[in-house]
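Under the working numbering, the very last position in the sequence shown is 531; numbers go up by exactly one each time. Beta carbons are placed, not taken as given, at the ideal position from N, Cα and C, and that holds for glycine. Inspection log for the structure reproduced underneath, given as structure tokens.
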Amino acid sequence: MKTTYSMNALSTINSCTIFLCISFFTHSLLSNTNNQQTDQYEQIMFDWTKTWAEVMHLVKEKHYKVSDPKKAMSRAIDAFLNTLDPHSNFLDPETYKGIIESTTGEFHGVGIMINNMRKTKDKFLTIVETIQDGPAEKAGLKQYDKIVEINGKPLEGMTTEQATTLLKGPKNSNVNLKIMREGTNELLSFTVVRDIVKEQQSLCFYIKSKDIYYLSLSMFAENSAIQLEQLLKKTNEKKCKGLILDLRNNSGGLLSSVIDIAGLFLEKESIVVETRTVDAEKTELYRTSRTPIESRKIPLVILINNYTASAAEILAGCLKVHAEKNSAKNSLLVFIVGTTTFGKGSVQEVIPVSQNSAIKLTTRLYFLPYNTLVQGIGIKPDITVERYTPPSEQMLWLSETYGHENTLENFIKIDDPKIKKETKQATPQKSSKPWDIKVQQMLTHDNQLKEAINIASLIANAQEHFPDLITNRTTSLAYLRANYITQDTIDIVQVTL
């Protein structure tokens with residue numbers, strides 16, 4: 035059936051089309067004064083403005099009930115930006131206001147670190163870490179819980195920025211969360227009281243038996259480089275055997291902090307990262323600006339995982355590339371252990387637009403030294419070590435209930451008083467422990483950390499007994515691969531006896 039329009043309708047459509055086209059081409063001419071020819075993108079936009087105007091008019095004239103046109107427009111713009119890449123999106127007035135207030139106002143949060151790399155279509159938001167003594171931890175939320183609802187609003191179709199805005203609010207206000215937890219079939223409900231969140235960006239331990247220092251950075255803040263510098267000076271004073279830098283679950287932070295940290299290890303004016311536009315017309319180099327710490331040649335083992343992203347990937351990748359490519363010029367022994375990082379090598383800008391809104395737009399990609407790409411690839415470890423998680427509470431219960439002879443019905447009891455039997459001590463009540471003590475206890479069961487300690491110790495011992503085999507990163511890796519059993523496939527040949 036052919037659709038017909040009244041003169042008023044056609045007038046409305048044409049007026050809207052003309053307005054959209056003039057607006058688009060005015061901006062195009064202003065930004066491309068040296069290029070009078072319309073490129074393919076501009077032509078497509080021009081052609082579709084009429085269709086868009088027709089759709090808007092037909093909705094107004096024909097739809098049974100247009101209940102929320104603002105929401106419809108917001109979603110339409112967001113859908114357009116989502117087709118460009120996973121990180122570009124539209125920030126509606128509420129979300130944009132929330133972002134501004136979170137950085138300048140007196141709004142408070144729930145104390146969690148989230149997976150910033152989730153997609154809008156994802157039905158949940160993963161808690162990568164709970165912040166020590168924060169509202170979420172006090173309410174009972176745990177690492178790797180998945181938030182599926184915030185104040186009754188499902189997360190499916192919601193951007194990460196929108197979800198973050200909902201989590202924040204005035205001090206002492208409540209936010210209701212529904213979460214999925216591994217080993218639990220039903221959704222769990224929590225009421226979290228928003229409060230000031232004092233985030234612990236770093237935690238340092240000394241592994242006495244192996245003479246190795248451990249530093250965890252959950253994000254890069256202004257004081258991160260200062261903390262690491264103090265630790266490097268301490269390692270020099272104590273002449274320890276190695277340093278482990280834990281960047282697992284670190285989704286980024288201040289690029290300036292990463293450059294300062296790189297400057298502790300690399301020569302002054304070393305390239306840390308380069309950002310480029312799509313046509314490489316606009317590039318920007320970021321270099322170290324300080325003199326490195328004079329230190330002994332001790333192994334630096336960097337722990338990474340799939341939640342290591344953005345600025346954290348820049349640091350790990352930059353140090354790895356420099357140690358690899360400049361092995362003849364420096365004695366930097368860097369080893370990457372864990373699993374491949376997330377692979378986010380793009381830069382986003384938040385650009386205000388009309389209607390008190392903004393767009394978050396991917397404008398550049400970043401490259402590590404020697405044209406090394408991270409986007410979609412990530413940083414691959416030298417030694418792959420998958421994380422083995424401790425058994426869940428359900429598995430522990432099964433083990434205790436069914437995993438011993440004395441749990442069986444009618445098991446044989448020995449009543450002879452002459453036979454000594456182990457007596458089970460009463461389990462003391464669990465006390466509320468400080469966050470750093472909890473982390474310390476978790477690390478004692480961390481298989482990836484144990485492997486990092488083994489690698490640092492192996493290199494340190496080789497430096498003492500076989501120094502000619504540990505002259506740089508390349509020779510050290512060859513030594514490791516010859517003497518260390520990794521999680522790679524083992525070449526096993528059957529022997530006939």
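- The C-beta of residue 300 has 16 or more other C-beta atoms within 10 Å across all chains shown, which makes the residue buried.
- Taking a contact to require three or more Cβ pairs closer than 8 angstroms, the region 306 to 325 and the region 267 to 283 do not qualify as touching.
- If you look at residue 318, you'll find it in the beta strand (DSSP E) that goes 317 to 321.
- In this structure, the alpha-carbon of residue 228 lies about 43 angstroms from that of residue 275.
- Assignment of beta-bridge partners to residue 382 by DSSP yields 396.
- Annotated as proximal: residue 184 and residue 200, with beta-carbon spacing under 8 angstroms.
- Within 10 angstroms of the beta-carbon of residue 333 lie 16 or more other beta-carbons, which makes it buried.
- Listed in chain order, the alpha helix (DSSP H) runs fully inside the region 189 to 252 are 194 to 201, counting runs of at least 4 residues.
- If you draw a straight line from the Cα of residue 346 to the Cα of residue 82, it comes to about 41 angstroms.
- With contacts defined as CB atoms closer than 8 angstroms, residue 481 and residue 400 fail to qualify as a contacting pair.
- As DSSP reads the structure, residue 260 sits in no beta bridge.
- Within the region 69 to 101, the complete alpha helix (DSSP H) segments at least 4 residues long are 74 to 96, listed from N- to C-terminus.
- Looking at 114, 74, 99, 73, the one whose alpha-carbon comes closest to that of residue 86 is 114.
- For residue 310, there is no enclosing alpha helix (DSSP H); the enclosing beta strand (DSSP E) covers residues 305 to 310.
- Under the three-state reduction of DSSP output, residue 123 falls in the strand class.
- In the three-state scheme derived from DSSP, where H, G and I count as helix and E and B as strand, residue 511 is classed as helix.
- Taking the Cα of residue 204 as reference, the smallest distance to any Cα among 215, 226, 187 is reached at 226.
- Separation of the CB atoms of residue 370 and residue 413 is rounded to 6 angstroms, and the pair is thereby assigned contact status at 8 angstroms.
- Residue 278 is positioned such that its CB atom lies closer than 8 angstroms to that of residue 487.
- DSSP places residue 254 within a strand segment (E or B) once states are collapsed to three.
- For the set 271, 120, 176, the Cα lying nearest the Cα of residue 144 is the one of 176.
- Taking residue 146 as the centre and dropping the five residues before and after it, the same chain places the C-beta of 161, 164, 170 closer than 6 angstroms to its C-beta, in chain order.
- In terms of CA proximity to residue 128, 108 leads the group 108, 121, 286, 122.
- Assigned with DSSP and collapsed to three states, residue 356 falls in helix.
- Between residue 338 and residue 350 the beta-carbon gap is near 6 angstroms, inside 8 angstroms, which marks them as a contact.
- Excluding residues up to 5 positions away in sequence, 408, 409, 410, 411, 412 lie with their Cβ nearer than 7 angstroms to the Cβ of residue 377 in the same chain.
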